[in-house]
Amino acid sequence: MDSGLFDAAVSHLLNIPETMERLVFPSNHQHGGVQESGKDRVLGEGRSFATAPVDMLETPKEYTFVIDVPGLSKSDIQVTLEEGKLLVIKSNGKRKREEEEEGSKYLRLERRAVLKFTRKFKLPDDANADAISAKCENGVLSVVVPKLPPPEKKTKTVEVKVA
């Protein structure tokens, strides 16, 4: 059996739960205060489209998005904010492989080089869009979106009139 075909079949099987969830709940996915938006895709070498795995963490002070991006450089990754509330994380990069010497060839390629991915998230109203930060360290991209302080509770006393 062709190893590329086997790898594609296994990858497809591993994505079945997510595919079923998207079929059953076709509207945007909601995770805590953060909402996934649209069709988020990753294009891997020798594969069709799949979703780039993202861990999302909500704390009392911030939202954090974590994506594994092994081998990608800072210039390969873009983090943007569209229309003030749509966080877009994407890569058009390609992980560099070791140079092959003349006459050598790979016997097996299991580490797939991610070519492109795009993830979009609609941020909640309490997200501070002006203070978003991102860092890429040891092949892991972390995007931090601080929360705005809760609005002050305004109490208004209404005078009760006697009729």
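All residue numbers for the sequence shown refer to the numbering used here, where the first residue is 23 and numbers rise by one. Glycine included, every Cβ here is placed at the ideal spot set by N, Cα and C.
Between residue i and residue j, which are expected to be in contact by the criterion C-beta below 8 Å, what is the C-beta distance as a whole number of angstroms?
| i | j | result |
| --- | --- | --- |
| residue 76 | residue 161 | So it is not a contact: roughly 15 Å between Cβ atoms. |
| residue 83 | residue 169 | 6 Å |
| residue 113 | residue 139 | 5 Å |
| residue 89 | residue 145 | Actually they do not touch by this definition, with Cβ atoms about 16 Å apart. |
| residue 157 | residue 110 | About 17 Å; that fails the 8 Å criterion. |
Which residues share a DSSP beta bridge with residue i?
| i | result |
| --- | --- |
| residue 145 | Residue 145 pairs with nothing; no bridge assigned. |
| residue 156 | 165 |
| residue 88 | 77, 164 |
| residue 126 | DSSP, once it has assigned bridges, lists no residue as partnering residue 126. |
| residue 111 | 101, 141 |
Can you find the residues in the same chain that come closer than 8 Å, C-beta to C-beta, to residue i, ignoring five residues on each side of it along the sequence?
| i | result |
| --- | --- |
| residue 148 | 55, 169, 170, 172 |
| residue 16 | Missing from the structure shown is residue 16; the chain here goes from 23 to 185 and no further. |
Counting only the same chain and skipping the five closest in sequence on each side, list residues whose C-beta sits under 6 Å from that of residue i.
| i | result |
| --- | --- |
| residue 150 | 168, 170 |
| residue 61 | Residue placement at residue 61 is poorly supported in this model, since its pLDDT is 46, which falls under 50; the coordinates are not used for a value here. |
| residue 105 | none |
| residue 47 | Because residue 47 carries a pLDDT of 49, less than 50, the predicted location of this residue cannot be relied on, and the following value inherits that uncertainty. Contacts found: none. |
| residue 115 | 94, 98 |
| residue 79 | 86 |
Taking 9 Å as the CB-CB cut-off, is residue i touching chain B?
| i | result |
| --- | --- |
| residue 149 | This model lacks chain B altogether, as it is built from one protein chain only. |
CB-CB under 7 Å to residue i, same chain, minus the five flanking residues each way: which ones, in chain order?
| i | result |
| --- | --- |
| residue 96 | 158 |
Report task. Kindly confirm or deny that the segment 93 to 113 and the segment 123 to 132 touch, where touching means at least three C-beta pairs closer than 8 Å. Result -> no
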